[in-house]
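Visitor: One structure, as structure tokens, below. Some questions next.
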Ligand code: TXA
Ligand code: MG
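Listed below in structure tokens is the structure:
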């Protein structure tokens with residue numbers, strides 16, 4: 113695809129055009145409360161295949177199918193009692209459930225990367241909701257970034273990575289949560305957290321106390337194929353839990369900033385984890401591009417507590433730091 117990508121307004125006309133494009137098998141990025149998704153009609157095998165091509169995503173990494181309602185989502189998978197409880201508590205919202213695929217589901221096998229399970233989510237963002245309701249079909253959508261790179265939280269981030277490779281992006285401004293959804297696998301014997309995200313483990317456990325975090329990361333055989341180590345990679349190397357910063361490093365600050373860096377971005381001056389999550393990916397992208405332009409050698413990251421959303425923030429940072 114050599115033509116440019118349309119930037120659509122997040123109004124009735126823009127959403128209608130996006131829905132028409134999706135129903136015609138085109139790729140359209142759209143805002144959700146977590147990050148921007150790269151959508152395709154989940155029932156259209158060729159459209160789903162085009163997602164993998166546009167992102168250069170390994171074909172073994174399955175996609176989340178997005179729905180306007182829980183009833184629609186639970187038509188394509190077999191919901192357990194726990195799934196219904198979690199959906200009642202957190203949908204619409206930043207939670208993805210992995211469940212056994214319904215044999216009669218029309219979702220493309222490719223979207224589930226050939227697995228017997230399917231990840232489903234009902235996003236809370238009003239633009240995403242209106243788009244999904246208008247399309248009237250499940251929409252497969254990974255984060256709208258080239259595979260392995262930082263997820264996008266603005267329409268400009270989407271264009272920075274995928275301009276010319278997708279038909280359109282709906283510009284709905286910055287994403288409120290800023291981290292991807294929490295992924296819970298309900299297809300096995302025990303409910304398992306596969307990816308920390310916008311819903312904290314504490315919040316999940318208040319509803320389903322028996323949820324456990326997945327086994328420590330196994331790069332050979334990840335339960336969630338997307339949880340590979342190299343991910344969210346900026347070009348500049350990251351140095352985590354920095355207690356001091358060199359003059360050759362950019363600084364990703366949290367709370368009262370360290371001094372000594374010529375370039376810094378503060379995730380939250382008041383040490384607010386919700387604010388830090390919302391600003392994380394934009395901050396990483398900005399420090400990476402500005403830091404490279406200024407000839408800096410790396411990005412020093414101040415410590416971020418491992419509580420609440422800090423768990424998901426630290427997960428993304430450690431993936432960004434591993435290369
Ligand atoms: O917030 C989000 O989840 C965003 C927005 C657009 O909804 N989407 C997103 O998609 O982050 P993606 O593809 O970047 O990440 C989906 C994760 C991957 O780690 C993938 O391996 C995992 O979910 N996943 C998808 N289907 C799965 C399945 N059937 N079993 C296990 N893991 C699955
Ligand atoms: Mg992703």
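Numbering (my numbering), first residue to last: 113 to 435.
All C-beta atoms in this analysis are idealised placements derived from N, C-alpha and C, irrespective of residue type, glycine included.
(1) Whose C-beta lies closer than 6 angstroms to the C-beta of residue 387 among residues of the same chain, with five residues either side of it excluded?
(2) Using the Cα positions of residue 371 and residue 215, report the straight-line distance between them to the nearest angstrom.
(3) I believe residue 241 touches residue 180 by the beta-carbon criterion, under 8 angstroms. Please report the beta-carbon distance rounded to the nearest angstrom.
(4) In whole angstroms, what separates the C-alpha of residue 126 from that of residue 358?
(5) Would you check whether the ligand MG has a heavy atom nearer than 7 angstroms to the C-beta of residue 145?
(6) CA-CA distance, residue 132 and residue 231?
(7) Kindly list the residues whose CB is nearer than 6 angstroms to the CB of residue 148, restricted to its own chain and excluding five residues on each side of it in sequence; keep chain order.
(8) Measuring straight from C-alpha to C-alpha, what distance separates residue 330 and residue 287?
(9) Tell me which same chain residues have a C-beta within less than 6 angstroms of the C-beta of residue 284, skipping the five on either side of it?
(10) From residue 212 to residue 228, what distance separates their C-alpha atoms?
(11) Would you say the beta carbon of residue 255 comes nearer than 7 angstroms to a heavy atom of the ligand MG?
(12) DSSP on residue 410, reduced to helix/strand/coil?
(13) Tell me whether residue 263 counts as near the ligand MG, meaning its Cβ is closer than 7 angstroms to at least one heavy atom of that ligand.
(14) Which residue comes first and which comes last in the alpha helix (DSSP H) that contains residue 292?
(15) Can you tell me whether residue 366 is buried or exposed, with buried defined as 16 or more other CB within 10 angstroms of its CB?
Guide: A quick look at the data gives this:
(1) 380
(2) 58 angstroms
(3) 6 angstroms
(4) 46 angstroms
(5) no
(6) 24 angstroms
(7) Around residue 148, the same chain offers 141, 256, 264, 270 as residues with beta carbons nearer than 6 angstroms, after the five sequence neighbours per side are excluded.
(8) Legend: pLDDT at residue 330 = 49, less than 50; position of this residue unreliable, no value from coordinates given.
(9) 122, 143, 239
(10) In a straight line, the C-alpha of residue 212 is about 6 angstroms away from that of residue 228.
(11) yes
(12) strand
(13) Yes, the beta carbon of residue 263 sits closer than 7 angstroms to at least one heavy atom of the ligand MG.
(14) Residue 292 -> no alpha helix (DSSP H), and no H or E assigned at all.
(15) Around the beta carbon of residue 366, a 10 Å sphere encloses 16 or more other beta carbons of the protein chains shown; the residue is thus reported as buried.
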